[in-house]
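All residue numbers for the sequence shown refer to the working numbering, where the first residue is 11 and numbers rise by one.
Below you'll find the structure, written out as structure tokens, and then a few comments.
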Amino acid sequence: MVRVVIYGEKPTDIEGLEKMLREILTENRRWPMIHTYISDLDAYLHFVKGNPYLITLRKQNICYLIMLASVQGRQGAEIVEKIRENNPAASLIWLSDRDNALESWRIHVTAFGVFPTKKEELEELLAACSE
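Have a look at this one:
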């Protein structure tokens, strides 16, 4: 089982992501549990912060957590930095504009992709999380 927690500032930021994630993970026999948060960063951070259930499952290799943020611009970088500080151990995929590619290295995201993304690119980003 894979738990993916998606964050976007507005519905258009995450358009189509949940459907693509379900397709990719199901095709690979990795059963997804997907939670989506739109413009409620506090609730998102609360959900992913040190959740002992998630940590226990991860240690047992039953489940792992992937945080996915689809946010653009300078504000997007600030949001992703908060997400990373909140849970430094979890995999973090950041979908943004090309201008944030270098910023993704500074924040230590697991994988960076350009938004909007295609299914093939999202597969590669997910693969980076399981390495």
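We put the beta carbon where it would ideally sit given N, CA and C, even for glycine.
Bear in mind that the values here come from a model prediction, so they are computed numbers and not experimental data.
Around Q82, the same chain offers S106 and D107 as residues with beta carbons nearer than 6 Å, after the five sequence neighbours per side are excluded.
Here the C-alpha atom of K128 lies approximately 11 Å from the C-alpha atom of L135. In this structure, DSSP gives R13 an extended state, which the three-state scheme calls strand. Distance from the CA of G86 to the CA of Y54, rounded to the nearest whole angstrom, comes to 14 Å. For H45, the enclosing beta strand (DSSP E) covers residues P42 to I48. When secondary structure is reduced to three states using DSSP, V58 falls in the helix class.
Closest in alpha carbon position to A79, among R32, M11, R39 and E28, is E28. Taking a contact to require three or more Cβ pairs closer than 8 Å, the segment 92 to 103 and the segment 27 to 42 do not qualify as touching. Between I34 and L132, the gap from beta carbon to beta carbon is short of 9 Å. Per the C-alpha coordinates, the member of E91, H45, S49 and N96 positioned closest to T22 is S49.
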